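Q: Quick one: the structure is below, and I'll ask about it shortly.
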Amino acid sequence: MSGETGTSAIGKREAIAKAAQSLAVTYKDSLYSLGGKSTSAMDCSYFVYLVFKEVFPEFGYLSSDAIAGSPTIFSKAKAPRVGDVIFFPKGQVPYEAKKGNKREFPNHVGIVIDAGNWIGRQTTKLGLVAMANPWWASRPCEFYSYLRLDSAPSASVAAKQRVQLA
Amino acid sequence: MRRLFGSILLLGFVLACSADLAPEDVIGSWRITDVYCAGCQVQDRSDLGKVIELGKSRVRDPLSGGGCERDIGYRRIGPPASESKELLGKVSRTWSTGKQVQFVAVTCGGLDLVTLAQLADGSLVYLMEGDISFLMAKQ
């Protein structure tokens, strides 16, 4: 990864997406562990931390709730863009609720890598999830942009960024 | 004595081979024959009969919202979570936490796309997120 210096906003977003893909391969054999903060056993927020730290070395670990609740670090986006964090609040999963499973699932985060996919450390895999995945798509979700991704972009870059993904 | 020792070795080798299912064994078309949900109160059969195509160059998977048509791969993996085998055991005691359960990742462009549990009888369990999994039989 090239790091942050001298990279345009779009370049930073692409760098996040590439880091997510690269690290998902690097740590493909890691175990899912709720609260895990090592490269051998991790949860969703630690994977997001590893990805952002790859591009922004000063990035500090944030829990899923902290990502969604730290407006000075992450801003809520109206629509997903490459490099955004996809955030699922804790709660029932409609896909399962309609089958009578009322269990509350913990919140979850991943990285948007393109218009149709995101990558995250789920319980079943560290890998690719389609936006259209029926289990995940049934859950309410929000998108958050790391503020440093879009810091002082040029006018042309900003215009390109307005191209929405979905 | 030597013959007995040889027989034990041979038996061990046969058992080891029978348990060593190859990831390539998952390639083919698989039909959902049963749906398991550990915490569900309703027996939802709507996914029964759906077909997942696991090919060498293409995956069609209605359960994941699409599939993949680039650089498909299959690889043996360990349990994706420390409780994976326990989860399988909750779904069906006959699967229990036995050594016969093996896990396979279907990859798309090098990224893990689908996680499967491969049972000793050759059937597959598709591990959805949450409490849901699907038993599949090869067509």
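Line by line, the protein sequences are chains H and F. No gaps in the numbering here: position 55 of the first sequence is 55 in my numbering, and each next residue is one more. No gaps in the numbering here: position 89 of the second sequence is 89 in my numbering, and each next residue is one more. Note that CB positions come from ideal geometry on N, CA and C, so glycine has one too. Model, not experiment: these values are computed from the prediction.
#1: Between the alpha carbons of alanine 206 of chain H and glycine 78 of chain F, how many angstroms are there, rounded?
#2: Output needed for isoleucine 223 of chain F: all residues of its chain with C-beta closer than 6 angstroms, excluding positions within five of it in sequence on either side, in chain order.
#3: Kindly indicate if chain H contains any beta-carbon less than 7 angstroms away from that of leucine 111 of chain F.
#4: Taking a Cβ distance cut-off of 7 angstroms, strictly less, list which residues of the segment 119-135 of chain F are near chain H, in chain order.
#5: Buried or exposed for valine 125 of chain F, please, with buried defined as at least 16 other CB atoms from any protein chain shown within 10 angstroms of its CB.
#6: Examine chain F for any beta-carbon lying closer than 7 angstroms to the beta-carbon of alanine 96 of chain H, and answer yes or no.
#7: Is it true that the segment 96-114 of chain H meets the segment 77-86 of chain H, where meeting means three or more beta-carbon pairs spaced less than 8 angstroms apart?
#8: Go ahead and label valine 42 of chain F buried or exposed: buried means 16 or more other beta carbons lie within 10 angstroms of its beta carbon, across all protein chains shown.
#9: Of the choices H:Lys102, H:Asn117, H:Arg148, whose alpha-carbon is the least far from that of aspartate 131 of chain F?
#10: Please report whether the beta-carbon of tryptophan 118 of chain H lies at a distance below 7 angstroms from any beta-carbon of chain F.
#11: Anything in chain H within Cβ reach of serine 64 of chain F, meaning under 7 angstroms, just list it in chain order.
#12: If you draw a straight line from the C-alpha of aspartate 25 of chain F to the C-alpha of valine 93 of chain H, how long is it?
#13: Apart from the five residues just before and just after leucine 34 of chain H, which ones in its own chain have a Cβ nearer than 8 angstroms to its Cβ?
#14: Looking at chain H, is there any beta carbon in it that lies within less than 7 angstroms of the beta carbon of alanine 137 of chain F?
#15: Under 8 angstroms, with one C-beta from each stretch per pair, do the segment 59-72 of chain H and the segment 15-29 of chain H reach the 3-pair mark?
#16: Applying a beta-carbon distance threshold of less than 7 angstroms, which residues of chain H neighbour glutamine 102 of chain F?
#17: Counting only beta-carbon separations shorter than 7 angstroms, does leucine 23 of chain H have a partner in chain F?
#18: Less than 7 angstroms between the C-beta atoms of threonine 123 of chain H and alanine 81 of chain F, yes or no?
#19: Note down, in chain order, all residues in the segment 25-55 of chain H with a beta-carbon under 8 angstroms from any beta-carbon belonging to chain F.
#20: Chain H partners of alanine 117 of chain F, CB-CB under 8 angstroms?
#21: What do you get for glycine 67 of chain F, buried or exposed, if any count of 16 or more other CB atoms within 10 angstroms of its CB means buried?
A: According to the structure shown:
#1: There is simply no residue 206 of chain H to check, as chain H begins at 1 and stops at 166 in what is shown.
#2: Since the displayed chain F opens at 1 and closes at 139, residue 223 of chain F lies outside it and no answer follows.
#3: yes
#4: Leu127, Met128, Glu129, Gly130, Asp131, Ile132
#5: buried
#6: According to the sequence as given, residue 96 of chain H is glutamate; it is not alanine. Yes, because at least one Cβ of chain F sits closer than 7 angstroms to the Cβ of glutamate 96 of chain H.
#7: yes
#8: exposed
#9: H:Lys102
#10: no
#11: Ala130, Asn133
#12: 33 angstroms
#13: Asp43, Pro106
#14: no
#15: no
#16: Those within 7 angstroms of glutamine 102 of chain F in chain H number zero; the least Cβ separation is about 14 angstroms.
#17: no
#18: yes
#19: Val25, Lys28, Asp29, Leu31, Tyr32, Ser33, Ala41
#20: Neighbours of alanine 117 of chain F on chain H: none; closest Cβ ~10 angstroms, over 8 angstroms.
#21: Buried.
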